[in-house]
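Everything in the sequence shown is counted per full-length UniProt numbering, starting at 1 for the first residue and increasing by one. From the three backbone atoms N, C-alpha and C, an ideal C-beta is built for every residue, glycine too. Bear in mind the structure is a predicted one, so any value in this text is a computation, not a measurement. Report on the following structure.
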Amino acid sequence: MKFLYTAALTVLLFSSCDKYLDVKPKGKLIPSTVADFDHLLDNVNIVQFTFLDNNTGCMLAYLTDNVELSEGLGKISYLANNHPNLDRYYAYIFRQPFKNPNTSDYFWDWGTYRAAAYFNNVIEGVRASITADTETYGKEVIAQALVGRAWAYFNTTLVYGPVYQPGGKNETKTIPYVTGIDAAGKAPDLSTQAETFTRVLQDLYDALPNVPLKTNYPSRPNKTAAYALLANIHLFTQKYDSVAYYANLAWTAAIAGGEDKVLYDYNTFSWKDPANLINSGINAGDNFFTQPNSKEILLFRSADAGTGRTGSAYPSAELIALHDQQNDLRYTYFYLPAPGYKATFNGVTYDDGTRVQNFRGSKSQITSGITYPEVLLLRAEGYARTNKPAQAIADLNTLRRYRYKTGTPQLSDAGLSADQVIQAVLDERRRELPIGSIKRFLDLKRFSLEAGKPWSKTKIVHKIGTESFEGTVNSGTFILPISNVILKFNPNWGIPLDTRPF
């Protein structure tokens, strides 16, 4: 059913029909008022499959240095057993194509463009139905849809395109910037990365005057989220003064009610079942720590919650070593020793024994959207990269008060070089962000432009048993191709079908 629905959506999206997504639920009235269209922004399809596969994993994480596969996981669980998400394994060994080019691409049509269909229907629908009495309300609804669409297209152009070159022409065509709902005419052409960045920024600037200060759920962007997204975009344009400026606006708005309103203090946590840590929940002081409306989530989009545990992949030794295992309470609560993969195949037993695994996705709510801690780290990076080391370290210490054991010495910028301050910020960012989302994948792409810096990696090396596999970050290895299913309906794009064997 899922494949049939996805394929049908692809046809609707880029073929001759009246609307490229029928958003009218059965038994419901066709949206006709601002309120009707407003309700569409609460549809689960907007958040459910953002860069996730049919089993809610994210193969982009398997290209990064955050995960590792054992010989048993790789050769038996994935390859020999023909795992339903074999693309994760192929990504890990940098074998292209990662996905079957002749099947639907969940990232594309279950994620980005299904969500875009809702946003575009809302934008056009509200504009057509707005009245003098609903003008303010209507503008707020449109603004939320514009921010949501901007988030989706910004991330998608980076996933399906090359490393963005600040100051460069960025003329590679990557994705169609679909804004209409009538697909009866010619399908839109692909936009270049430069065009996509320009249009994303314009959508955000258009939305800012009207996006509400507060929304009823973090799946809906508020003004703070719009500021944070602007800050995040400028990480990739390397306009770090703008990163600091917009992140400061976002953080200042976020903590108007106090830092405790948007940060959990891990020092107050305890185990619900101390005798069974693997399956135990966490007493976090409220009932929302595992929910999308967790107080730390600013913009919710579903994320890969399983990567890091047996059955998917382990956290890499490098990532584990990045933690202060005695004082970092994220390590205490999320990195736990547990039985690893074990199987016998063709008379050979593969036993990983006990492995440290990452349980964050099962013990807390994670997101591929934006969290308040990430906002603080955005500001810290903006400060660090604009020669404001004291402010950058102060932001790190703010977050560390909520993440490290009480009494852990604070960081100081005394004696640190500019690069060391930046490195401290980026290390904290890596520890804080989910290991299975798109975040590290995109960070590695932008860092690849800073060759020679300690945080920059031009290549990623993975191992399975005694075999090593190497992937170059600033190359086609870190670019997803558009599925043949889409290309067949859009010959005007001029992209040949992918004929590589899968």
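Short check: CB of residue i to CB of residue j, under 8 Å?
i, j, result
"Y264", "Y402", "yes"
"L322", "D427", "yes"
"P315", "V67", "yes"
"V485", "T174", "no"
"N492", "A187", "yes"
"E318", "V262", "no"
"Y494", "G308", "In the sequence as displayed, the identity of residue 494 is Gly instead of Tyr. For G494 and G308, no; Cβs fall outside 8 Å."
"T268", "N327", "no"
"A231", "G382", "yes"
"L416", "P454", "no"
"F37", "G148", "no"
"A313", "L73", "yes"
"N210", "A143", "yes"
"F502", "P101", "yes"
"I130", "V34", "yes"
"V178", "N120", "yes"
"F289", "S364", "yes"
"residue 503", "L480", "The first residue shown for the chain is 1 and the last is 502, placing residue 503 beyond what the model contains."
"N397", "A418", "no"
"T157", "Q193", "yes"
Answer with buried or exposed for residue i, where buried requires no fewer than 16 other C-beta atoms within 10 angstroms of its C-beta.
i, result
"P221", "buried"
"R440", "buried"
"L190", "buried"
"L235", "buried"
"G180", "exposed"
"V425", "buried"
"S219", "buried"
"S468", "exposed"
"L21", "The pLDDT assigned to L21 is 32, lower than 50, so where the model puts this residue is not dependable; a value taken from the coordinates is nonetheless given after this. Its Cβ being crowded by 16 or more others within 10 Å, L21 is buried."
"R500", "exposed"
"P166", "exposed"
"Q325", "exposed"
"E140", "buried"
"K223", "buried"
"I282", "buried"
"L249", "buried"
"L213", "exposed"
In this structure, does DSSP put residue i in helix, strand or coil?
i, result
"H462", "strand"
"F502", "coil"
"L411", "coil"
"N283", "strand"
"V23", "With a pLDDT of 38 at V23, under the threshold of 50, the modelled position of that residue is not reliable, and the figure given next carries that caveat. Coil."
"Y217", "coil"
"T290", "coil"
"D419", "helix"
"D328", "strand"
"E467", "strand"
"C17", "Residue confidence is low: C17 scores 32 on pLDDT, short of 50, so the model does not pin down where it sits. No coordinate-derived value is stated."
"I123", "helix"
"T472", "strand"
"T134", "coil"
"Y106", "helix"
"Y264", "coil"
"Y164", "coil"
"L230", "helix"
"V147", "helix"
"W455", "coil"
"E259", "helix"
"L497", "coil"
"I181", "coil"
"K488", "coil"
"G57", "coil"
"A305", "coil"
"N248", "helix"
"D241", "helix"
What residues match up with residue i in a beta bridge as DSSP calls it?
i, result
"A343", "Y350"
"Q357", "L336"
"P315", "V67"
"W271", "I282"
"K173", "T192"
"I297", "T371"
"Y404", "D328"
> On the three-pair Cβ rule with 8 Å, is the stretch 462-480 touching the stretch 436-453?
Replying inline: Yes, the stretch 462-480 touches the stretch 436-453.
> Is the stretch 297-304 in contact with the stretch 358-369, if contact means three or more CB pairs nearer than 8 Å?
Replying inline: Yes, they touch.
> Hey, is the stretch 372-389 in contact with the stretch 231-248, meaning 3+ C-beta pairs nearer than 8 Å?
Replying inline: Touching, yes, given that three or more Cβ pairs across the two stretches are closer than 8 Å.
>> Assess contact between the stretch 47-59 and the stretch 70-82, defined as three or more Cβ pairs (one per stretch) separated by less than 8 Å. Is contact present?
In response: Contact fails: fewer than three Cβ-Cβ distances are below 8 Å.
> Can at least three beta-carbon pairs, one atom from the stretch 90-99 and one from the stretch 56-73, be found at a separation below 8 Å?
Replying inline: A contact exists between the stretch 90-99 and the stretch 56-73.
> Is the stretch 344-364 in contact with the stretch 104-114, if contact means three or more CB pairs nearer than 8 Å?
Replying inline: Proximity of the stretch 344-364 to the stretch 104-114 falls short of the contact definition, fewer than three beta-carbon pairs being nearer than 8 Å.
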